[in-house]
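Quick notes on the structure that follows.
Numbering (the numbering used here), first residue to last: 93 to 379.
Rendered as structure tokens:
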């Protein structure tokens with residue numbers, strides 16, 4: 093049995109659970125992440141159903157549309173209307189005639205499980221999009237990454253309550269978290285962040301920080317958003333490394349307070365003499 097904590101579009105709910113601790117049964121009220129069906133409907137035609145948290149859906153619609161190459165700029169969207177229904181949420185997106193005609197020509201229908209990026213793709217060629225080369229010239233001091241990792245939890249309100257959400261965050265050159273979005277799906281969290289970046293014309297970020305692994309879909313989305321540096325808490329996949337290399341993206345995995353694994357384009361990263369001594373014996377791996 094669950095109960096919304098704040099409102100119907102809250103990211104968390106209260107759940108009545110049975111817990112065994114020290115071999116004793118307890119009835120507790122715990123916080124859980126809210127997961128609902130979110131349908132994206134373009135010009136009256138349903139395109140995709142994703143499982144997601146029911147927050148920042150405007151940003152999600154914009155970010156998904158951009159990262160899936162449905163639109164080229166935010167100006168290609170005429171309106172976004174959000175309609176709660178009994179079994180989920182409908183997000184109505186009105187596209188320009190040009191974009192809608194292109195969408196119909198390449199339309200796919202998918203029902204995504206949590207965090208699923210390619211469910212329902214009809215042909216294997218559709219999984220990997222044409223390579224987009226980023227143009228960013230940012231450089232990043234790894235000491236700033238240590239600062240970001242230490243402070244990221246302050247921006248993960250839902251995770252701190254539930255332990256069930258991923259986060260995608262933009263970082264300043266000093267390692268400050270500029271924007272952070274959470275969701276049960278890692279792809280959705282990134283789409284929400286990309287949508288926010290575009291809505292706010294956010295150009296001062298230096299890097300992207302993901303609390304998940306870096307799979308190829310995440311790298312593709314970052315490339316389309318012209319993000320040149322990706323830090324991931326977990327590993328990167330082989331295809332993610334290949335696409336990052338070809339897209340001119342600096343991809344870094346296994347980001348910990350005293351360790352990083354650099355997969356591609358290390359030229360954007362640097363260490364001053366003071367910091368180098370911190371990392372020399374702590375698994376600074378360059379691949």
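A virtual CB, placed ideally from N, CA and C, is assigned to each residue, including glycine. Treat the numbers as computed from the prediction; the structure is a model and nothing was measured.
Closest by C-alpha distance to residue i, when choosing among the options
i: residue 223; options: 239, 161, 173; result: 161
i: residue 180; options: 146, 231, 136; result: 146
i: residue 332; options: 343, 325, 326; result: 343
i: residue 174; options: 165, 188, 153; result: 153
i: residue 357; options: 335, 346, 347, 348; result: 335
i: residue 127; options: 360, 142, 172, 114; result: 142
Neighbourhood of residue i by C-beta distance below 8 Å, restricted to the same chain and skipping five residues each side
i: residue 133; result: 139, 182, 183, 184, 185
i: residue 248; result: 257, 259, 272, 274, 303
Own chain residues within Cβ distance below 7 Å of residue i, not counting five before or after
i: residue 286; result: 155, 158, 159, 313, 317
i: residue 192; result: 134, 135
i: residue 347; result: 237, 241, 323, 324, 325
Per-residue burial, residue i [other beta carbons within 10 Å of its own, 16 or more giving buried]
i: residue 275; result: buried
i: residue 119; result: exposed
i: residue 309; result: buried
i: residue 283; result: buried
i: residue 209; result: Note on residue 209: pLDDT 49, under 50, position unreliable in the model; the coordinate value appears next. Buried, because 16 or more other Cβ atoms sit within 10 Å of the Cβ of residue 209.
i: residue 388; result: Beyond the ends of the chain as shown, which are 93 and 379, falls residue 388; an answer cannot be given.
i: residue 381; result: The requested residue 381 is not part of the displayed model; the chain covers only 93 to 379.
i: residue 116; result: exposed
i: residue 167; result: exposed
6 Å Cβ shell around residue i - same chain, five flanking residues per side excluded
i: residue 236; result: 266, 267
i: residue 221; result: 312
i: residue 288; result: 151, 271
i: residue 170; result: 186
i: residue 215; result: With a pLDDT of 49 at residue 215, under the threshold of 50, the predicted position of this residue should be treated as unreliable, though the coordinate-derived value follows. Excluding sequence neighbours, residue 215 sits near nothing in its chain.
beta-carbon residue i near the ligand FMN non-hydrogen atom, thresh 7 Å
i: residue 327; result: Only the bare structure without any ligand can be found here, which leaves the ligand FMN out of the picture.
For this session: Tell me the start and end of each unbroken beta strand (DSSP E) in the segment 271–337 that is at least 3 residues and wholly inside, in chain order.
Result: 299–302, 321–324
Exercise. Taking only runs of the beta strand (DSSP E) that begin and end inside the segment 116–204, which ones reach a length of at least 3 residues, in chain order?
Worked result: 116–125, 128–134, 137–144, 169–177, 180–187
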